[in-house]
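Trainee:
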Amino acid sequence: MRRTAKSLLLFTIIYNVAEGVVAIWAGIAAGSISLVAFGADSYLEVAAASVVYWRLSTNNPDPEGETEERIERFIGWTFMALALVVIVQVVYSFANSEGASESMIGIGLAIASATVMPAVAIWKLRLAADLDIRSLAAEAKETLACSYLSITLLIGLSFNALLGWWWLDPLTALLLVPWLIKEGLEGIRPDDDDEEEEVSIQLCSCRSCLFGLRRPRSTCRLAQ
Numbered sequence: 002m003r004r005t006a007k008s009l010l011l012f013t014i015i016y017n018v019a020e021g022v023v024a025i026w027a028g029i030a031a032g033s034i035s036l037v038a039f040g041a042d043s044y045l046e047v048a049a050a051s052v053v054y055w056r057l058s059t060n061n062p063d064p065e066g067e068t069e070e071r072i073e074r075f076i077g078w079t080f081m082a083l084a085l086v087v088i089v090q091v092v093y094s095f096a097n098s099e100g101a102s103e104s105m106i107g108i109g110l111a112i113a114s115a116t117v118m119p120a121v122a123i124w125k126l127r128l129a130a131d132l133d134i135r136s137l138a139a140e141a142k143e144t145l146a147c148s149y150l151s152i153t154l155l156i157g158l159s160f161n162a163l164l165g166w167w168w169l170d171p172l173t174a175l176l177l178v179p180w181l182i183k184e185g186l187e188g189i190r191p192d193d194d195d196e197e198e199e200v201s202i203q204l205c206s207c208r209s210c211l212f213g214l215r216r217p218r219s220t221c222r223l224a225q
C-alpha cells in the first residue's frame with residue numbers, strides 16, 4: 002500500500018507539473034487570469050505531494066509524530082495559499098467583469114483534470130486511512146480541492162464560451178474558500194484539546210466519514 006501511495010503521489014507531481022505549464026501558457030495566450038491561477042494552483046499541489054512523497058520514502062522512525070505534524074502544518078499553509086489565490090482571482094474577475102476566457106486548450110485540460118484527479122484523490126484518502134498516515138490524507142484533500150477547481154474552471158470556460166456567463170467561474174470557485182481556510186487552519190493550528198483523541202482514533206474512509214474527508218464519527222466502521 003505504501004508503494005501504491007508513493008506511485009499516486011509521483012503521478013500527482015508529474016501530472017501537476019505538466020498541467021501547470023499548459024495552464025499558464027494557455028492562460029497567457031488567451032488572456033485568462035483563471036487559467037493562469039489554475040496553473041499556479043497546480044504547483045501548490047506539487048509542493049504538498051512532494052513533501053508527503055519524501056515522508057513515505059524515508060525510513061527514519063518518527064515515534065513522536067513530529068515529522069507528520071510539520072508536514073501537516075506545511076500542507077495547511079498550502080491550503081491557505083490556495084485560498085488566497087482563489088480570492089485574488091475572484092476579486093480580479095469581478096473588478097474587471099472578466100471570467101474564464103474562451104480557450105479550447107483550457108477546456109481540454111479542465112476535462113482531463115476533472116476526470117482523473119478526483120479518482121486519484123479518493124484513492125489516496127483510502128490508502129491514508131488504511132495506513133493511518135494523516136499527512137497523506139491532508140495531501141489527498143488538497144488534490145480533491147484542485148479537482149473541484151478543475152470542475153469550476155470547466156464550467157466557467159464552457160458557459161463563457163456558450164452564453165457569455167463570465168461570472169460563473171469566480172462565483173463557483175469562491176464557494177470552496179471556506180473549506181480551504183478550515184482545512185488550512187486545522188493543519189496550521191491543531192486543536193490542543195483534540196490531540197489525545199486524534200492520536201487514539203485511526204483515520205477512516207467509510208461512508209459516514211465521507212470517505213475520509215472528515216474525522217471519524219461514532220457511526221463509522223471504527224466504532225463497530
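Heads up: the sequence shown at position 188 corresponds to 189 in this note's numbering, and the numbers run straight through without jumps. We put the beta carbon where it would ideally sit given N, CA and C, even for glycine. All values reported here derive from a predicted model rather than from experimental measurement.
Okay, do the segment 152-169 and the segment 23-39 touch, 3+ Cβ pairs below 8 Å being the bar?
Mentor: Cβ pair count under 8 Å is three or more, so yes.
Trainee: Count the other CB atoms, across all protein chains shown, that sit within 10 Å of the CB of residue 194; report buried if there are 16 or more and exposed otherwise.
Mentor: The residue given as residue 194 occupies position 193 in the sequence shown. Reliability fails at residue 194, whose pLDDT of 47 lies under 50, so the model's placement of it is uncertain and no value is given.
Trainee: If you follow the alpha helix (DSSP H) that residue 177 is in, where does it begin and where does it stop?
Mentor: For the purposes of this step, residue 177 is identified with residue 176 of the sequence shown, where counting begins at 1. Segment: none, residue 177 is in no alpha helix (DSSP H) and carries neither H nor E.
Trainee: Going by the CB atoms, is the gap between residue 126 and residue 6 shorter than 8 Å?
Mentor: For the purposes of this step, residue 6 is identified with residue 5 of the sequence shown, where counting begins at 1. For the purposes of this step, residue 126 is identified with residue 125 of the sequence shown, where counting begins at 1. Against a cut-off of 8 Å, the Cβ pair of residue 126 and residue 6 comes out as no contact.
Trainee: Which runs of the alpha helix (DSSP H), 4 residues or longer, sit entirely within the segment 131-166?
Mentor: If we require 4 residues or more, the alpha helix (DSSP H) runs fully inside the segment 131-166 come out as 135-164.
Trainee: What first and last residue would you give for the alpha helix (DSSP H) that runs through residue 71?
Mentor: By 1-based counting over the sequence shown, the position of residue 71 is 70. Start and end: 67-96.
Trainee: With DSSP as the reference, label residue 109 as helix, strand or coil.
Mentor: Position 108 of the sequence shown, counted from the first residue, corresponds to residue 109. It is helical.
Trainee: Excluding the 5 residues preceding and the 5 following residue 91 in the sequence, name in chain order all residues of the same chain whose CB lies nearer than 7 Å to its CB.
Mentor: The residue given as residue 91 occupies position 90 in the sequence shown. 171, 174 and 175.
Trainee: So, is residue 141 buried or exposed, given that buried needs 16 or more other C-beta atoms within 10 angstroms?
Mentor: By 1-based counting over the sequence shown, the position of residue 141 is 140. Answer is buried; the Cβ neighbour count reaches 16.
Trainee: Using a Cβ-Cβ cutoff of less than 6 Å, which residues in the same chain neighbour residue 17 once the five nearest sequence positions on both sides are dropped?
Mentor: Here residue 17 is taken as the residue at index 16 of the sequence shown, counted from 1. The residues are 43, 46 and 47.
Trainee: Classify residue 33 as helix, strand or coil using the three-state DSSP reduction.
Mentor: Locating residue 33 in the sequence shown gives position 32, counting from the first residue. Coil at residue 33, not helix or strand.
Trainee: Going by alpha carbons, who is nearest to residue 13 out of 58, 143, 169 and 166?
Mentor: On the sequence shown, residue 13 is found 12 positions in, with the first residue counted as 1. The shortest Cα separation from residue 13 among 58, 143, 169 and 166 belongs to 143.
Trainee: Residue 196: buried (16+ other C-beta within 10 angstroms of its C-beta) or exposed?
Mentor: For the purposes of this step, residue 196 is identified with residue 195 of the sequence shown, where counting begins at 1. The predicted model places residue 196 with a pLDDT of 47, which falls under 50 and marks its position as unreliable; any figure quoted below should be read in that light. Answer is exposed; the Cβ neighbour count stays below 16.
Trainee: Could you check the C-alpha separation between residue 159 and residue 67 for me, to the nearest Å?
Mentor: Against the sequence shown, residue 159 aligns to sequence position 158. Against the sequence shown, residue 67 aligns to sequence position 66. When rounded, the distance between both Cα atoms is 45 Å.
Trainee: In whole angstroms, what is the alpha-carbon distance linking residue 83 and residue 36?
Mentor: Position 82 of the sequence shown, counted from the start, is the residue given in the question as residue 83. Position 35 of the sequence shown, counted from the start, is the residue given in the question as residue 36. Whole-angstrom Cα-Cα distance: 14 Å.
Trainee: So the candidates are 167, 72, 29 and 104; which of them puts its Cα closest to the Cα of residue 50?
Mentor: If you number the sequence shown from 1, residue 50 lands on position 49. When each option's Cα is compared against that of residue 50, the closest is 72.
Trainee: Can the beta-carbon of residue 1 be found closer than 8 Å to that of residue 185?
Mentor: Past the edges of the chain, shown from 2 to 225, lies residue 1, and the structure says nothing about it.
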